[in-house]
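J.:
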Amino acid sequence: MNILLKTHEEFNYAEYWDTFFKKRGTKAFEWYGEFPELCNILLQYIKKTDNILIIGCGKSTVGMSLYDAGYKNITKIDISYKTDVPDPKKMFTFFDLPLMQYRRKTVRPDLISEYMDATQMTYPDEKFNVVLDKGILDVLMPDTEETTIAKIDKYFKEVTRVLRNGGRYVCISLLQEHILRKLLSYFPASNFMFHISRCHDAESKARTEGGSSIPIFMIIATKCSKLQQTERERHLVDGRLERLSSIEDMISAVFSTQQLALMLNKLRNSNIVDIGEVSLDLQLPGDEHPRYTVYVIDRPCTYCESTFAAYIDRPSTHCERMFAAYIVPQGKETDWLYSTKEGRQEAVKQTGRNRLAIVTLRREHTFKSLFSVKQELAACMSSLAPDFYKELGIPVLILGDIGTRTIWYQGESNISGPFVVEDVKDYEVRRLIFLNNPYVIQSEARLKEAKGRRGRTRKIADLEFLAREYHGYMVGYVNAVIDTEAEDEILVLGLGGGGLCMYLHRCFPKASILITAVEIDYAILTVAKRCFNFVTNDRVKVEIADGIQFVKDAATNGKKYKAILCDMDNKDSSFGMSFPPKEFLEISVLRAVAASLTQDGLFILNL
Numbered sequence: 001m002n003i004l005l006k007t008h009e010e011f012n013y014a015e016y017w018d019t020f021f022k023k024r025g026t027k028a029f030e031w032y033g034e035f036p037e038l039c040n041i042l043l044q045y046i047k048k049t050d051n052i053l054i055i056g057c058g059k060s061t062v063g064m065s066l067y068d069a070g071y072k073n074i075t076k077i078d079i080s081y082k083t084d085v086p087d088p089k090k091m092f093t094f095f096d097l098p099l100m101q102y103r104r105k106t107v108r109p110d111l112i113s114e115y116m117d118a119t120q121m122t123y124p125d126e127k128f129n130v131v132l133d134k135g136i137l138d139v140l141m142p143d144t145e146e147t148t149i150a151k152i153d154k155y156f157k158e159v160t161r162v163l164r165n166g167g168r169y170v171c172i173s174l175l176q177e178h179i180l181r182k183l184l185s186y187f188p189a190s191n192f193m194f195h196i197s198r199c200h201d202a203e204s205k206a207r208t209e210g211g212s213s214i215p216i217f218m219i220i221a222t223k224c225s226k227l228q229q230t231e232r233e234r235h236l237v238d239g240r241l242e243r244l245s246s247i248e249d250m251i252s253a254v255f256s257t258q259q260l261a262l263m264l265n266k267l268r269n270s271n272i273v274d275i276g277e278v279s280l281d282l283q284l285p286g287d288e289h290p291r292y293t294v295y296v297i298d299r300p301c302t303y304c305e306s307t308f309a310a311y312i313d314r315p316s317t318h319c320e321r322m323f324a325a326y327i328v329p330q331g332k333e334t335d336w337l338y339s340t341k342e343g344r345q346e347a348v349k350q351t352g353r354n355r356l357a358i359v360t361l362r363r364e365h366t367f368k369s370l371f372s373v374k375q376e377l378a379a380c381m382s383s384l385a386p387d388f389y390k391e392l393g394i395p396v397l398i399l400g401d402i403g404t405r406t407i408w409y410q411g412e413s414n415i416s417g418p419f420v421v422e423d424v425k426d427y428e429v430r431r432l433i434f435l436n437n438p439y440v441i442q443s444e445a446r447l448k449e450a451k452g453r454r455g456r457t458r459k460i461a462d463l464e465f466l467a468r469e470y471h472g473y474m475v476g477y478v479n480a481v482i483d484t485e486a487e488d489e490i491l492v493l494g495l496g497g498g499g500l501c502m503y504l505h506r507c508f509p510k511a512s513i514l515i516t517a518v519e520i521d522y523a524i525l526t527v528a529k530r531c532f533n534f535v536t537n538d539r540v541k542v543e544i545a546d547g548i549q550f551v552k553d554a555a556t557n558g559k560k561y562k563a564i565l566c567d568m569d570n571k572d573s574s575f576g577m578s579f580p581p582k583e584f585l586e587i588s589v590l591r592a593v594a595a596s597l598t599q600d601g602l603f604i605l606n607l
C-alpha cells in the first residue's frame, strides 16, 4: 500500500538536509548502502560481461562485492591518494591506493584501482559499459556556484565520452533539488534515457542502525545513439513504473517522496500537536484512486512532556494507550466527528489516546470485511507509530462493522464537478455527494421498499420523510404563514434531490399553491428525477437558472413570494462554509430577497 502525503506542515527543506548531514557525521557514504542493500536494483543494469568503472570508490565495498559476485571487469578510480606504506591490518581512511593494489595482488588480482580525476579521465572513448557513482555527485555538487557547475559539466561530459552506446551511468544519490535539476537538464538532452528508482533496502538498513530515514535514489541514465522523444521514468514506490512528461513532474515526484519521509520520521520520533493533524492517502499500486484516507491527530502526553522522544527507549505504562487506529464505518465519514478538524480532535479525547489515526474508506472502492481492511492497513499503521510501540501491538477501534455502501448512480456536472449517488445499507438512506467536497451530504433521502410492475421490490426515496432536520423547521414555518385558500407561491433556491419540494407539495395539496425550485445545474435536476423520485407538474416547476440572479430579477420585476427558502450550497471551499454561496450574503442580494417577499412573507436561509 503506497502512502501519499496530502496535508502537512510547511515542508522545511533546509531542516530536512541539515538533520541528515548532522546525523550522518563521519559515516559518510555508509548512508548510501553497500552491495547487499543495493544489489536488487543494481544488478538489473549490470551484466557480468560489462566493463565497469567505479568513480570515487573511497571506503565503499561495492566494487569488491561485485567482483566476488562474478563481475571481473572492474576499474575503480579516486582522486585521493594515500602515500604511506600499506598495512593490511588497518582500515584505510578514504582511498588508499597502495592498500588497494596490495589487496588486488593478494585477493582480487583482476580488480583494478587507479588514481585519476573523474573530470579528466585518460581512458579512450566508449571504453565502459557501466559508470557507477555512489554518492560522489553529491560530494562534487554541494551548491550551484559557477565553478561547481563548470566542474559538473566536465564530469558529465567525461562520463558520456567513456560510455559505450547502450551504456549506463548509475548514480546513487540523495537527490537534493539542485542535483536533480542538473541531472535532468543534462542527460535527457544528451540522448540518455533517464530512470529513477528508490533504494528501500538501503534506507531500511540506515534506519535500523539509528540513522535517518532519508530517501536514497538510484539514477540510471542509458546512453542512446538517438531518441525519438525524451524518456523520463520513475519507480519511487512499490508498484508500476511511471513515465513522466516534464522535468517539473519528475522533481515534484522526488520532492513528494522526500516530504513524506520527513513526515513519517517526525511521526516516529515526536508529537505533532504543534502542527495540528497530518492527512495521508493510501493507494494500491496501479489504482487510479486512493483506497483509504488517514488523519493522524495527537494530543499532548501528560506523562511524557508532549514528546515521544522521552520514552522511545523506556516507554512508561501510561503510554500503553498512546496509539490506536480508528476505522470509520462507511456512511459515517460525513459526521462532524470525522469530517472536521474540530471533530477529529474531539474523537482523540473520547478514545483516551495520545495519538489516533482516523481511517475513512473511500467510496471509489469496495471492502470485503473488517478483517481484510485490518490486514491492508497493518503496514501503514506501523509506519505511523513510534518504533517501540510496534512491539506492543496497534489496536484497531471501530463502532460496529465497516458498513456497506453501494454506488447507485454517478456522473459529472460542468458546474459541480463529479458526483455520486450512493445507498448506505446500515442507515437505509440514499445520498448525493459532490466529490469535490466529499464530506458534505448534498442531499439525503430515507429509503423504502416499493413493488415494481413485475412484483419485484426495489428501494426508492421515501417522499413522506424529511432526512434533514432543518428541512422540518422550514416546512413548519412555511405552514404557519401560508394561506391554503390563497394563490400563494413558494420559492426554493437550490433543488438538490428535490425532497423539500416534494414534501411541501404533499403538505399543501391545494391547486392554488405553486412551488418553484431554482437550480443552476441541469445535471442535478436529472439526478433528482432519476434517483430521488422528484417529479414536476402544474404545481411544482423547476427553473434552470442562477438563484441569486433569479431573486434579483424577481425584485426588479415586482414578483412576490409568500416564502423564500434558500438551500443553495457553496462551491468555494476557501470560504469556510458549505451553505450558502458567499455572494448570497451580500447586502444587495438580501435586499432583493426582501423586495421579493409579500408583506407578511417569510425568508429562511440554511447557513
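At position 306 of the sequence shown the residue is numbered 306 (the UniProt record's numbering), and the sequence of numbers has no breaks.
We put the beta carbon where it would ideally sit given N, CA and C, even for glycine.
Quick one: what's got a C-beta closer than 7 Å to L183's C-beta in the same chain, skipping five residues either side?
T.: By one-based count along the sequence shown, residue 183 stands at place 183. Within the same chain, L183 has close Cβ partners I219.
J.: May I ask you to report which of helix, strand or coil DSSP gives Y561?
T.: Here residue 561 refers to the residue found at position 561 when the sequence shown is read from its first residue. Note: Y561 maps to strand in three-state DSSP.
J.: Less than 7 Å between C-beta atoms, sequence neighbours within five positions excluded: which residues of the same chain meet that for F508?
T.: Position 508 of the sequence shown holds residue 508. Result list for F508: I482 and T484, in chain order.
J.: Applying the 10 Å Cβ sphere with the 16-neighbour rule, what's the burial state of I3?
T.: Counting from one through the sequence shown, the residue named residue 3 turns up at place 3. Counting Cβ neighbours within 10 Å, I3 comes out buried, since at least 16 surround it.
J.: Can you grab the Cα-Cα spacing for the pair G601 / E449, in whole Å?
T.: Walking along the sequence shown from the start, residue 601 turns up at place 601. Walking along the sequence shown from the start, residue 449 turns up at place 449. Their backbone Cα atoms lie some 38 Å apart in a straight line.
J.: Kindly indicate which residue of G547, V254 and R355 has the alpha-carbon position closest to the one of P300.
T.: Position 300 of the sequence shown, counting from 1, holds the residue named residue 300. Among G547, V254 and R355, the Cα nearest to that of P300 is on R355.
J.: Have a look at I196 and I179 and give me their C-alpha separation to the nearest angstrom.
T.: On the sequence shown, residue 196 is found 196 positions in, with the first residue counted as 1. On the sequence shown, residue 179 is found 179 positions in, with the first residue counted as 1. About 13 Å.
J.: Is it buried or exposed, T257, if we count other Cβ atoms within 10 angstroms and call 16 or more buried?
T.: Your numbering for residue 257 matches position 257 in the sequence shown. Buried: at least 16 other Cβ atoms inside 10 Å.
J.: For A592, tell me which candidate among Y561, K552 and I604 has the shortest Cα-Cα distance.
T.: The sequence position of residue 592 within the sequence shown is 592, counting from 1. Of the listed residues, the one whose Cα sits closest to A592 is K552.
J.: When burial is assigned at 16 or more other CB atoms within 10 Å of the CB, is N479 buried or exposed?
T.: Counted from its first residue, the sequence shown places residue 479 at position 479. Counting Cβ neighbours within 10 Å, N479 comes out exposed, since fewer than 16 surround it.
J.: According to DSSP, simplified to helix, strand and coil, what is N129?
T.: For this step, residue 129 is matched to residue 129 along the sequence shown. DSSP places N129 in strand when its eight states are reduced to three.
J.: So for G166, helix, strand or coil by DSSP?
T.: Translated into the one-based positions of the sequence shown, residue 166 becomes position 166. Three-state result, G166: strand.
J.: Please name the residue in G494, L514 and K562 whose C-alpha comes closest to that of D569.
T.: Stepping through the sequence shown from its first residue, residue 569 is reached at position 569. Here the closest residue by C-alpha is G494.
J.: Going by beta carbon distance, what residues of the same chain come within less than 8 Å of L447, once the five residues before and after it are set aside?
T.: Indexing the sequence shown from 1 puts residue 447 at position 447. Hits under 8 Å: D423, E428, V429, R430, K459, I460, A461 and D462.
J.: Can you give me the C-alpha to C-alpha distance between L140 and C171, rounded to a whole angstrom?
T.: Translated into positions along the sequence shown, residue 140 becomes position 140. Translated into positions along the sequence shown, residue 171 becomes position 171. Taking the straight line from one Cα to the other gives about 13 Å.
J.: Touching or not, the segment 392 to 403 and the segment 505 to 524, by the rule of three or more beta carbon pairs under 8 Å?
T.: Too few Cβ pairs lie closer than 8 Å, so no.
J.: Look at A445 and G498 and say whether their C-beta atoms are less than 7 Å apart.
T.: Against the sequence shown, residue 445 aligns to sequence position 445. Against the sequence shown, residue 498 aligns to sequence position 498. Going by C-beta atoms, A445 is not nearer than 7 Å to G498.
J.: Below 8 Å, how does it come out for the segment 147 to 160 and the segment 115 to 124: are there three or more Cβ pairs, yes or no?
T.: The segment 147 to 160, when compared against the segment 115 to 124, does touch it at the 8 Å Cβ threshold.
J.: Using only CA atoms, which one of D426, I46, N436 and E126 lies nearest to N414?
T.: As a position in the sequence shown, residue 414 is number 414, starting the count at 1. Minimum Cα distance to N414 is reached at N436.
J.: Rounded to whole angstroms, what's the CA-CA distance from C501 to V540? Just pull it up for me.
T.: The residue given as residue 501 occupies position 501 in the sequence shown. The residue given as residue 540 occupies position 540 in the sequence shown. Computed Cα separation, rounded: 8 Å.
J.: Any chance the segment 290 to 298 sits against the segment 272 to 280, with 3 or more Cβ pairs inside 8 Å?
T.: Segments in contact, yes.
J.: Ignore the nearest five residues each way along the sequence and tell me which others in T351's own chain have a CB closer than 7 Å to its CB.
T.: Counting from 1 along the sequence shown, the entry for residue 351 is found at position 351. Correct list, in chain order: A324, Y326 and L397.
J.: If you run the structure through DSSP and keep just helix, strand and coil, what is M502?
T.: For the purposes of this step, residue 502 is identified with residue 502 of the sequence shown, where counting begins at 1. Three-state result, M502: helix.
J.: Take I513 as the anchor and find which of E487, A554 and C199 has the nearest alpha-carbon.
T.: Mapped onto the sequence shown, residue 513 falls at position 513. It is E487.
J.: What is the DSSP secondary structure of E412, reduced to helix, strand or coil?
T.: In the sequence shown, the residue the question calls residue 412 occupies position 412. Note: E412 maps to strand in three-state DSSP.
J.: Return the bridge partner residues of D281 from the DSSP annotation.
T.: Locating residue 281 in the sequence shown gives position 281, counting from the first residue. Beta-bridge pairing links D281 to L4 and T293.
J.: Can you tell me which of the three DSSP states C224 falls into?
T.: As a working note, residue 224 is residue 224 in the sequence shown. In the structure shown, C224 sits in coil (DSSP, three-state: anything other than H, G, I, E or B).
J.: So the beta strand (DSSP E) T257 belongs to, where does it begin and stop?
T.: Start at 1 with the first residue of the sequence shown, and residue 257 comes out as number 257. That residue, T257, is in no beta strand (DSSP E); its alpha helix (DSSP H) goes I247 to N269.
J.: In three-state DSSP terms, what is C507?
T.: For the purposes of this step, residue 507 is taken as the residue at position 507 of the sequence shown. DSSP places C507 in helix when its eight states are reduced to three.
J.: For E145, count neighbouring Cβ atoms within 10 angstroms of its own Cβ and tell me buried if that reaches 16, exposed if not.
T.: Residue mapping note: residue 145 aligns to position 145 of the sequence shown, counting from 1. Per the 10 Å Cβ criterion, exposed.
J.: Here's the rule: buried if 16 or more other CB atoms are within 10 angstroms of the residue's CB, otherwise exposed. What is E489?
T.: Indexing the sequence shown from 1 puts residue 489 at position 489. Buried, by the Cβ-count rule.
J.: Rounded to whole angstroms, what is the Cα-Cα separation between V359 and V328?
T.: The count along the sequence shown starts at 1 and reaches residue 359 at position 359. The count along the sequence shown starts at 1 and reaches residue 328 at position 328. Distance between the alpha carbons of V359 and V328: 6 Å.
J.: Do R291 and L284 have their beta-carbon atoms positioned less than 7 Å apart in this structure?
T.: As a working note, residue 284 is residue 284 in the sequence shown. As a working note, residue 291 is residue 291 in the sequence shown. Yes, they are a contact pair.
J.: Any C-beta of chain B sitting closer than 7 Å to the C-beta of Y71?
T.: Given the protein chain composition of this structure (a single chain), no chain B is represented.
J.: In the structure shown, what three-state DSSP assignment does H365 receive?
T.: Position 365 of the sequence shown, counted from the start, is the residue given in the question as residue 365. Three-state result, H365: coil.
J.: How about the segment 65 to 73 and the segment 198 to 210: do they share at least three Cβ pairs that are nearer than 8 Å?
T.: They do not touch, by the three-pair rule.
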